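Encoded as structure tokens, the structure appears first; notes follow it.
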Amino acid sequence: MGVLITINQILMAGVAITAFSLLLYSLTFNLRERVARSFAMILFCLVVIYSAESLASVAPRREELELWLRLQWVGIVFLPSAYLHFSDALLATTGKPSRGKRRWAIRLSYVLAVLFLAMLPLGLLVGELAADSQPAPYLKPVLGTDLFMLVYFVSIGMAWYNFVRAFRRSATGTSKRRIGYLLVGSIAPVLGSFPFLLFSSNFAAQHRLTFWVFSVLTNFLVGGLVVMMAYSVAFFGVALPDRTIKSRLFKWILRGPVTASITLALTTILRRAGELYGLPYNALVPIVMVATILTGQYLVTLTFPMLERWLFYGKDKDEIEVLRNLEQRLITRNDLRQFLEMILAAVCDRLQVRGAYVAALKSEGLEIVVRVGKTFFDEDQNPVDLESVIRANHLSLEMFNWGDDILIPLVDQDEEGAPDLIGLLGITGAAGMRLDEDQIQVINNFSERVLLALKDRRLQEGVFRSISELATKAAYIQQLQAAGRYDQSGLLSDEIPLAAADFSQWVKDALSHYWGGPKLTESPLTKLKIVQAMLSRYDGNTSNALRAILREAIERVRPEGERRFTGEWVLYNILEMKFLEGKKVREIAMRLAMSEADLYRKQRVAIEAVAKAILEMETQNGHTNELPKSE
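Residue numbers (the UniProt record's numbering): 1 to 631.
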């Protein structure tokens, strides 16, 4: 009998730990979903019920025992309301929202729960403590207990009616299966909260072995059913693939409830064994506890990748492994910068020069990637004369002098096999040095490594652009998947997300053909609601309507006051002169007193400002009536 009681105490604590862990999981990952929030309330009630019962089972004094048993009723009182709330949220996901009756029933149930809670300290809900009762102490029932049980069974019955309706409304096998899991798992709160001893104390006293066996089996079943419910709820409102959700929940359970429950079981068994055989155990308990936690976490870390591949990857193992390897081996901008800084520092040390830098040639102009030491290269003012030196000298593809610097062209090959200059390695103060063969070889070796880094940088920029575009579309598909797991009406949404990078590119293309051209007439921007709303003002001419929107967006970038050629007006002046007046880049750079490379950078910022203004106009959807008519 003592063994069964110990096992029962361990299982009660294990259920409390599992419910608390799953409560944290629910609050962490899908709190925005109504089903998950209502399920979190059920878990909170179970935590209160099982924690109080576990503490009551080991309470040494009568006062503590009564305190924990009364605290247990806090969870019991609110559980029927949470249960009904959860069933209503589940039914709503199948396209059957409450029309008022279910909502008022839920509110009434919570009001009654608060009233019952107020009755608890007054002794009107449950009576005095039967401390010496066998097989376990309990609080005696009173008239309020019978009234509560009536509300309890009515609420549970209404909740099960909603569960059955939700199951019948599920149209696909997958949704039926998951709601079926919920139906089976929803037995757990009923088994875990029903106060059996209040109505079966005589039977339990006469059949103590049967009672404890039943209690052990019940607690074991409740733990498993709660996990089953959590598994089904984990899919609600989460825009992630099923395998990711399963894997995350499984790992959470292994690291939390499983490890904690095993730790609790071993320390409890150690204490009971020490008390039984009279052995000292105080020093061993913390050692066993720490060792079990560390060993459990170690085993999870060691075995989980294998379990994840075996249980969740299925036929996608090869593809997922490629993605995992890509995540671990991709080089970020910061990784590349650190690598280049290391190379440039080595160049400075080997040649005993005061500085070095790496510049990359892009379509917008020259860009300093990284520099170390003291150089004559100003990062904020890109020297136009250096660009002219490059254009004059890079055809030789050999190192050459520029002032006190040596510039080494970094040359790749294009698709046709022709030389393609992609950047420069600059060494400050090396132009006046006599370089021997060893030093020249050192420079060549370092330049090859820098070239390799720049090639990887160019390649990975394309990879990141593709991944960014793919991520936007994949996120949209996953959102539809999350919305349609139980309510297929979510798949009918006509809202398609826009990637910020794509939108800015569309704006740039439309501005480049502002006065006419396919990039304006065939622009995806013509599908915007504000453009469609303008068609009536321009006799159905989409180009004129989009041109008016672009003009208004540019005007929103304009600072207040009279136009000037100051720093505050740079973005507007670039937009005005480049796209509306059609001036050349060199002419604009001279007028604004900046290099061409700096102009390209500022132009990118200006286009992003226009894109942001258009998005604001689209969301506000109220400013189109004020747009000027384009000439």
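Built from N, CA and C at the ideal position, the CB exists for glycine as well. Just so it is clear, the structure is predicted and the values come from calculations on it, not from any experiment.
Would DSSP call residue i helix, strand or coil?
{"i": "residue 404", "result": "coil"}
{"i": "residue 134", "result": "coil"}
{"i": "residue 514", "result": "coil"}
{"i": "residue 373", "result": "strand"}
{"i": "residue 642", "result": "Residue numbering for the chain in the displayed model covers 1 to 631; residue 642 lies beyond these limits and cannot be assessed."}
{"i": "residue 435", "result": "coil"}
{"i": "residue 599", "result": "helix"}
{"i": "residue 141", "result": "strand"}
{"i": "residue 295", "result": "helix"}
{"i": "residue 612", "result": "helix"}
{"i": "residue 594", "result": "coil"}
{"i": "residue 189", "result": "helix"}
{"i": "residue 33", "result": "coil"}
{"i": "residue 605", "result": "helix"}
{"i": "residue 2", "result": "helix"}
{"i": "residue 539", "result": "coil"}
{"i": "residue 231", "result": "helix"}
{"i": "residue 236", "result": "coil"}
{"i": "residue 452", "result": "helix"}
{"i": "residue 207", "result": "coil"}
{"i": "residue 202", "result": "helix"}
{"i": "residue 166", "result": "helix"}
{"i": "residue 40", "result": "helix"}
{"i": "residue 583", "result": "coil"}
Between the alpha carbons of residue i and residue j, how many angstroms are there, rounded?
{"i": "residue 7", "j": "residue 203", "result": "21 Å"}
{"i": "residue 71", "j": "residue 337", "result": "59 Å"}
{"i": "residue 132", "j": "residue 61", "result": "12 Å"}
{"i": "residue 51", "j": "residue 68", "result": "9 Å"}
{"i": "residue 576", "j": "residue 557", "result": "11 Å"}
{"i": "residue 399", "j": "residue 540", "result": "59 Å"}
{"i": "residue 369", "j": "residue 605", "result": "19 Å"}
{"i": "residue 105", "j": "residue 285", "result": "50 Å"}
{"i": "residue 59", "j": "residue 222", "result": "23 Å"}
{"i": "residue 154", "j": "residue 296", "result": "43 Å"}
{"i": "residue 552", "j": "residue 616", "result": "12 Å"}
{"i": "residue 231", "j": "residue 151", "result": "29 Å"}
{"i": "residue 123", "j": "residue 65", "result": "16 Å"}
{"i": "residue 566", "j": "residue 594", "result": "12 Å"}
{"i": "residue 160", "j": "residue 35", "result": "15 Å"}
{"i": "residue 521", "j": "residue 306", "result": "54 Å"}
{"i": "residue 241", "j": "residue 49", "result": "34 Å"}
{"i": "residue 492", "j": "residue 94", "result": "Confidence is the limiting factor: at residue 492 the pLDDT is only 43, short of 50, which leaves the residue's position unreliable and the question unanswerable from this model."}
{"i": "residue 611", "j": "residue 506", "result": "9 Å"}
{"i": "residue 46", "j": "residue 193", "result": "7 Å"}
{"i": "residue 141", "j": "residue 128", "result": "8 Å"}
{"i": "residue 538", "j": "residue 107", "result": "54 Å"}
{"i": "residue 408", "j": "residue 447", "result": "7 Å"}
{"i": "residue 461", "j": "residue 452", "result": "14 Å"}
{"i": "residue 433", "j": "residue 445", "result": "18 Å"}
{"i": "residue 583", "j": "residue 564", "result": "17 Å"}
Which residues in the same chain as residue i place their Cβ atom closer than 8 Å to its Cβ, once the five residues preceding and following it in sequence are excluded?
{"i": "residue 54", "result": "9, 12, 13, 16"}
{"i": "residue 40", "result": "23, 26, 27, 31"}
{"i": "residue 184", "result": "225, 228"}
{"i": "residue 148", "result": "77, 116, 125"}
{"i": "residue 134", "result": "204, 205, 208"}
Going by DSSP, what residues sit across from residue i in a beta bridge?
{"i": "residue 423", "result": "360, 410"}
{"i": "residue 368", "result": "359"}
{"i": "residue 428", "result": "355"}
I'd like the list of long-range same chain contacts for residue i, defined as Cβ closer than 6 Å, with 5 residues on each side in sequence excluded.
{"i": "residue 608", "result": "504"}
{"i": "residue 509", "result": "519"}
{"i": "residue 375", "result": "355, 357, 428"}
{"i": "residue 274", "result": "281"}
Give every residue of the same chain whose Cβ lies closer than 7 Å to the Cβ of residue i, excluding the five residues on either side of it in the sequence, and list them in chain order.
{"i": "residue 176", "result": "167, 170"}
{"i": "residue 216", "result": "4, 7, 8, 11"}
{"i": "residue 361", "result": "421, 422, 423"}
{"i": "residue 262", "result": "292, 296"}
{"i": "residue 454", "result": "360, 410, 422, 423"}
{"i": "residue 546", "result": "510, 520, 523, 525, 526, 531"}
{"i": "residue 450", "result": "340, 343, 358, 410, 425"}
{"i": "residue 80", "result": "109, 151, 152, 155, 156"}
Step through the CB atoms of chain B and report whether any lies within less than 8 Å of the CB of residue i.
{"i": "residue 588", "result": "The structure shown contains no chain B, having only a single protein chain."}
Say the cut is 7 Å; is the CB of residue i nearer than that to a heavy atom of the ligand MG?
{"i": "residue 213", "result": "This structure does not include the ligand MG; it has no bound ligands of any sort."}
Would you call the segment 593 to 607 and the segment 526 to 534 in contact, with 3 or more CB pairs under 8 Å?
Using a Cβ-Cβ distance cut-off of 8 Å, the segment 593 to 607 and the segment 526 to 534 are not in contact, since fewer than three pairs of beta carbons, one from each stretch, lie closer than that value.
Given 8 Å, three or more beta-carbon pairs between the segment 277 to 295 and the segment 207 to 224:
They do not touch, by the three-pair rule.
For the structure I just gave you, are there three or more beta carbon pairs, one from the segment 315 to 322 and one from the segment 289 to 307, closer than 8 Å?
Too few Cβ pairs lie closer than 8 Å, so no.
Does the count of Cβ pairs from the segment 351 to 361 and the segment 420 to 434 closer than 8 Å reach three?
Taking a cut-off of 8 Å on C-beta distances, the segment 351 to 361 touches the segment 420 to 434, as three or more cross pairs fall below it.
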